[in-house]
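J.: Quick mapping for you: the protein sequence lines, in order, are chains A and B. Just so you know, we're using the working numbering here: the first sequence kicks off at 1408 and counts up by one. Just so you know, we're using the working numbering here: the second sequence kicks off at 1408 and counts up by one. Ideal placement from N, C-alpha and C gives every residue a C-beta, glycine not left out. Dumping the structure here so I can ask a few things about it.
There are 2 protein chains.
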Amino acid sequence: MKFTKKDIQELPHVHKINLVNSLSGYKAANLIATRSNENITNVGVFSSVIHLGSEPPLFGFILRPTTVKRDTYNNIRSTGYFTINAINSEIIEDAHHTSAKYDSTISEFDQTDLQTEYLNNFYAPFVAQSNLKIALKYSNEYAIEENGTILIVGELIECYVNENMLSTDGFIDLSKGNTVAINSLDGYSKVDSPTRFEYQKPLKIVKPQN
Amino acid sequence: MKFTKKDIQELPHVHKINLVNSLSGYKAANLIATRSNENITNVGVFSSVIHLGSEPPLFGFILRPTTVKRDTYNNIRSTGYFTINAINSEIIEDAHHTSAKYDSTISEFDQTDLQTEYLNNFYAPFVAQSNLKIALKYSNEYAIEENGTILIVGELIECYVNENMLSTDGFIDLSKGNTVAINSLDGYSKVDSPTRFEYQKPLKIVKPQN
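What follows is the structure in C-alpha cells.
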C-alpha cells in the first residue's frame, strides 16, 4: 500500500503518528532518569536513544520540546548528568506509564514500581530493575531546524551490564537480558537471540550485472 | 559488571566497538539505497535510522564519514534522493554483506541477491525484497562536533507498506513483516508480536513517596 506525503498529512492525528513512527523500524527502549537541583527525581521512556560513536563512547537522543519530557531536559541542563537504562520485558507496563504527563513536582519513580538506585556517587539515579545502565554527562545539543526537536549528546562516564549478557568479545546479548524493542509509539516486543555475522570483505569475484 | 570510560578506552578495538554499540539497546535494521549521477546504484546497511517527527514526516541517520558509506553520502548530496528499506529476516545475510568496502564503481546490488525496484519514477532505487520502504528527499545535515559524524535529515516523499503489516489505526506491525532488529554491530534478531499499551494519563491518586 502506498502513502504519499499528502496522504499522510490528511490522516487523523493518531493514525498519522502511529504510521510515521512505525516507518523507521524497531527503536531502542530506554528509561532516561535525572534528578533536579531540588532533589526531585524524574524518569521517562525514550525510544530515540542512539549510538553516536565509540571513541569516545557517545550517545544521543531526540527530545520533542513540547512534551512532558521537558523535565528531563531541564534536569540535564541544570545538573549536567543523566542515566540511560534499558527496558526489559518485566517492566514494560511501568516504563510505558512514565509517558503520562505528570507535574514537575511529582516523580514517576513514586507513581510506578520503578525504583531508584544510586551507584558510585553518580548524581542521577539509575533504574534498579534495569540490567543495562549507562551514566552520562551532558556534552552538547543540536537544534533540528526542520521541526524544533533537539538532539541531546552525552558522553559515557561508566556503565553497568549484567554479566550473563556479556560475551567474551564485548558483545552484549540483549536477548539474554529480555531487553525489549519498541514498535511505533506504544508497541513493546520481546526479541529472539541474535544471528551474528563475520566482518564482511568484498567478494573476490565480481558478479555480472543483474 | 562495571566499566568506566577508562576501562572501555583500554579494551582491544573490536571488543570496545562491540560493547559500546550494544549499550543503547536495539537498533533499526535498514538498507539505504541511492543512485549516482553516473547511474551506479549503491545500497548499504544502516543501524542508525531514527524517526525525527511526523508533521512533516522526517527521518535521520548517522553517517561515519570515514567508512565506505561515503558513496551513500555523495549520491544523496549530488542527486537529493534516497530510500530507506526495512530489513526482514529473509535478507539479513545479503544486507550484512553490503557493509563490505566495495569500490564506488561496483554496486552492492550486483554483488548480492538484493534487487533494485523503481517505483513511481523516484530517482533512487528501492530494495525489491523489502516490505516497508520510504522514498526521501535530502533536507539538511548536522555535523556532530564531538566525533565528526553527520546527522543526515530527509523528508518523506512517499512510502510503501505491505498491507498485511498495517493495522486500522495506522500502526505497522513490524513482526508481521519479519522485520529484524540489530544488536550491536553484527547481530540480527527476529522480534515477537508487540504488546500495545493505551495512551497514558497521570494516576488520580498520588502514591506516597517510596
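Residue 1516 (chain B) by DSSP, collapsed to three states: which one?
T.: helix
J.: Pull up the distance between the alpha-carbon of residue 1514 (chain A) and that of residue 1536 (chain A), whole angstroms please.
T.: 17 Å
J.: Kindly provide the ranges of any beta strand (DSSP E) runs that are 3 or more residues long and lie completely inside the stretch 1459-1535 of chain A, ordered along the chain.
T.: 1464-1470, 1488-1493
J.: To the nearest angstrom, report how far apart residue 1534 (chain B) and residue 1540 (chain A) are at their CA atoms.
T.: Taking the straight line joining both Cα atoms gives about 36 Å.
J.: If you draw a straight line from the C-alpha of residue 1452 (chain B) to the C-alpha of residue 1523 (chain B), how long is it?
T.: 15 Å
J.: Listing by chain order, which chain A residues have their CB less than 7 Å from the CB of residue 1601 (chain B)?
T.: Those within 7 Å of residue 1601 (chain B) in chain A are 1590, 1594, 1595, 1596.
J.: Any chance the CB of residue 1525 (chain B) is under 7 Å from a heavy atom of the ligand NAD?
T.: Looking at this structure, you won't find the ligand NAD or any other ligand, since it has none at all.
J.: Under 8 Å by Cβ, that's how I've got residue 1470 (chain B) and residue 1559 (chain B) pegged, so tell me the actual separation to the nearest angstrom.
T.: 6 Å
J.: Would you say residue 1532 (chain B) lies against chain A (beta-carbon separation less than 8 Å)?
T.: no
J.: Since residue 1503 (chain B) contacts residue 1604 (chain A) with CB under 8 Å, what's their CB separation in whole angstroms?
T.: 5 Å
J.: Would you say residue 1511 (chain A) reaches chain B, if we count a Cβ-Cβ gap shorter than 8 Å as a contact?
T.: no
J.: Note down, one range per segment and in chain order, each alpha helix (DSSP H) of at least 4 residues found wholly within the stretch 1566-1597 of chain A.
T.: none
J.: Please name the residue, chosen from A:1551, A:1449, A:1461, that lies closest to residue 1512 (chain A) on a Cα-to-Cα basis.
T.: Here the closest residue by C-alpha is A:1449.
J.: So with Cβ pairs under 8 Å, would you call residue 1487 (chain B) a contact of chain A?
T.: no
J.: Could you please tell me which residues of the stretch 1533-1558 of chain A, in chain order, have their CB closer than 8 Å to any CB of chain B?
T.: 1539, 1541, 1546, 1547, 1549, 1551, 1552, 1553, 1554, 1556, 1558
J.: Nearest to residue 1508 (chain B) by alpha carbon, out of B:1487, B:1572, B:1488, B:1479?
T.: B:1479
J.: Applying the criterion that 16 or more other CB atoms from any shown protein chain within 10 Å of the CB defines a buried residue, is residue 1555 (chain A) buried or exposed?
T.: exposed
J.: Is the Cβ of residue 1565 (chain B) closer than 8 Å to any Cβ of chain A?
T.: yes
J.: Per the DSSP calculation, residue 1440 (chain B) is bridged to which residue(s)?
T.: B:1450, B:1490
J.: Please list the terminal residues of the continuous beta strand (DSSP E) segment that includes residue 1546 (chain B).
T.: Counting along the chain, the beta strand (DSSP E) containing residue 1546 (chain B) begins and ends at 1539-1551.
J.: Taking beta-carbon pairs under 9 Å, can you tell me which members of the stretch 1571-1590 of chain A lie near chain B?
T.: Taking 9 Å as the Cβ-Cβ cut-off against chain B, the residues of the stretch 1571-1590 of chain A that qualify are 1572, 1573, 1574, 1575, 1576, 1577, 1578, 1579, 1580, 1581, 1582, 1586, 1587, 1588, 1589, 1590.
J.: Can you say whether residue 1434 (chain A) is buried or exposed, counting buried as having 16 or more other CB atoms within 10 angstroms of its CB?
T.: Label assigned to residue 1434 (chain A): buried.
J.: Which chain B residues are close to residue 1560 (chain A), counting only those with a beta carbon under 8 Å from its beta carbon?
T.: Against chain B, a Cβ distance below 8 Å from residue 1560 (chain A) picks out 1551, 1553.
J.: Note down, in chain order, all residues in the stretch 1411-1424 of chain A with a beta-carbon under 7 Å from any beta-carbon belonging to chain B.
T.: 1411, 1412, 1415, 1418, 1421, 1422, 1423, 1424
J.: Who are the Cβ neighbours of residue 1463 (chain B) in its own chain at under 8 Å, not counting the five residues just before and after it?
T.: 1562, 1563
J.: Going straight from the alpha carbon of residue 1483 (chain A) to that of residue 1454 (chain A), what length do you get?
T.: Linking residue 1483 (chain A) to residue 1454 (chain A) through their CA atoms gives a straight-line distance of about 18 Å.
J.: Which value, in whole angstroms, describes the spacing of the CA atoms of residue 1430 (chain A) and residue 1566 (chain A)?
T.: 31 Å
J.: Is residue 1433 (chain A) close to chain B? Criterion is C-beta to C-beta, closer than 8 Å.
T.: yes
J.: Can you say whether residue 1601 (chain B) is buried or exposed, counting buried as having 16 or more other CB atoms within 10 angstroms of its CB?
T.: buried
J.: Would you report the Cα separation of residue 1466 (chain B) and residue 1569 (chain A), rounded to the nearest angstrom?
T.: Distance from the CA of residue 1466 (chain B) to the CA of residue 1569 (chain A), rounded to the nearest whole angstrom, comes to 33 Å.
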